[in-house]
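Input: a single structure, listed below in structure tokens.
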Amino acid sequence: MKISLTRSDKIFLGTVFAGYIAVMVYMLATGYKFQLEGVGQRWIYQLPFGEGPMSRINPLTVIMTWVIMALIIFVATRVKVFKIIPGKKQSLLEVAMEYVYDLVEDSVNKKEFVRPIFNIAASIFLFVLLSNIIGSFPGINAIPTDGGGFKITILSDTWYAPTSDLNMNLMLAGFVFVMSHVFSIKAKGFKSWAKSFFEPAWPMFPMNVIGEIAKPVSHSLRLFGNIMGGGILILIIGYLAKYFIVPVALWGIFGLFFGAIQALIFTILAIAYISSLID
Amino acid sequence: MEIGEGLMMLGKYIGAGLAMGIGAIGPGIGEGRIGASAMEAMARQPEMIGTLTTRMILADAIAETTGIYSLVIAFMILLVV
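Protein chains in written order, with my numbering: chain A, 17 to 295; chain B, 178 to 258.
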């Protein structure tokens, strides 16, 4: 396989690479020490009103979520006009969307639900994939300090992946959970939906409820554990090797490979949860 | 260091190690079985290797879920509590 790059691509890649090298030389020259402080810690901001866990936010999750949404919208506006002979971006998007559409079409039996489920699944897939992949490139992150403040680290850690925050994953899984029941009521009618909790006999009602609640929990914890565990493993192993070559391989494995697979699995499970309730 | 604090750290480290070590047994067995079956299928039908490999990786990623749970528990013991 031969990869051909245009002139502007080469200039862009060269600029990024030169920027990374320059920051690395600057860090080494000023005696920057890689250290393990703040592993697994999050920068948490306490809102001025209210008390308790409900009035705290993770500012970095909010910021990176908006960054990724802006990226997706930017790409969407750039390839709005679909041509018969596709360009580079368009064919990439078409391959991804076609794959998700085939998955939905294979597992959903009712034709009128294929399109809405595809919209949900494709949005989830794009968002999770992009946020997993962004967590595998060195970038800007923020770690908390003792005094309640925060310290911004540039290029000594990866970009902050929003999916490494359980709140984000629980939101996505809860959205899938609610949407699956909405689709179920729409497809089967309210009576038959309520009856499905008492199958095969009425004493099974608690089991069915617990089984439904366990779905979003396992759905969100799987993604959270993979992404957060991968990030912490990269930090610890990279620290042992003093950030010498090893992190590149680890970023490739944990970020790109596991990130893409986990995004795909999150999407497949979302489709399976929705389609199992509408049949 | 007080004796109580030391005991707490002892419990934390032993607990995290046990959680991760015992929790890795199940996914190990499961992924081994998936790999063995995939190898058998590949040997029987070498023309299906592409499809089988993707399916195998997907099944591996689902089978390692319980291991990931124990990793989360271990990190929570070490870092959060």
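Even glycine gets a Cβ: it sits at the ideal position worked out from N, Cα and C.
In the DSSP assignment, the residues bridged to asparagine 157 of chain A are A/Thr169. Two segments are said to touch when three or more pairs of C-beta atoms, one from each, lie closer than 8 Å; by this definition the segment 119–139 of chain A touches the segment 189–203 of chain A. The three-state reading of DSSP puts threonine 174 of chain A in strand, counting E and B together. Contact note: isoleucine 248 of chain A reaches chain B through Phe252, using a C-beta cutoff of 8 Å and chain order. The distance from the Cβ of alanine 230 of chain A to that of isoleucine 140 of chain A is about 20 Å, inconsistent with a contact at the 8 Å cut-off.
Around the Cβ of proline 64 of chain A, a 10 Å sphere holds fewer than 16 other Cβ atoms; the residue is exposed. By the beta-carbon neighbour count (other beta carbons within 10 angstroms, threshold 16), leucine 239 of chain A is buried. The C-alpha of tyrosine 115 of chain A is placed about 16 Å away from the C-alpha of lysine 105 of chain A. For the 9 Å CB-CB criterion, leucine 87 of chain A and leucine 146 of chain A form a contact. Rounded to whole angstroms, isoleucine 180 of chain B and leucine 255 of chain B show a C-alpha spacing of 19 Å. The DSSP assignment places 206–211 as complete runs of the alpha helix (DSSP H) inside the segment 189–255 of chain A, in order along the chain (cut-off: 4 residues). For the pair isoleucine 253 of chain A and leucine 266 of chain A, the CB atoms are nearer than the 9 Å cut-off. For the 9 Å CB-CB criterion, glycine 205 of chain A and tyrosine 176 of chain A do not form a contact. Under the rule that a run must span 3 or more residues, no beta strand (DSSP E) segment is found entirely inside the segment 36–112 of chain A. Taking the beta carbon of glycine 245 of chain A as reference, the chain B residues within 8 Å of it are Ile245, Leu248, Val249 and Phe252, listed in sequence order. DSSP, read as helix, strand or coil, puts lysine 18 of chain A in coil. Around the beta-carbon of methionine 225 of chain B, fewer than 16 other beta-carbon atoms lie within 10 Å, marking it exposed. Phenylalanine 129 of chain A: not part of any alpha helix (DSSP H); DSSP gives it neither H nor E. For the 9 Å CB-CB criterion, leucine 76 of chain A and asparagine 157 of chain A form a contact. Residues of the segment 226–243 of chain B whose Cβ lies closer than 7 Å to any Cβ of chain A, in chain order: Ile234, Leu235, Ala238, Ile239 and Thr242. Apart from sequence neighbours up to five positions away, the residues of its chain that approach phenylalanine 166 of chain A with a beta-carbon distance below 6 Å are Trp59, Ala158 and Pro160, ordered along the chain. Setting aside the 5 residues that flank it on each side, methionine 219 of chain B is surrounded in the same chain by Ile226 and Leu229, each with a C-beta closer than 6 Å to its C-beta; the list follows chain order. For methionine 233 of chain B, the enclosing alpha helix (DSSP H) starts and ends at 226–240. Between the beta-carbon of valine 249 of chain B and that of glycine 271 of chain A there is about 18 Å, and that puts the pair past the 8 Å contact cut.
Among the residues facing chain A, leucine 195 of chain B is not included, as its CB has no counterpart in that chain under 9 Å away. With its beta carbon less than 9 Å from one in chain B, serine 234 of chain A belongs to the interface. Here glutamate 179 of chain B carries a coil assignment [DSSP, helix/strand/coil].
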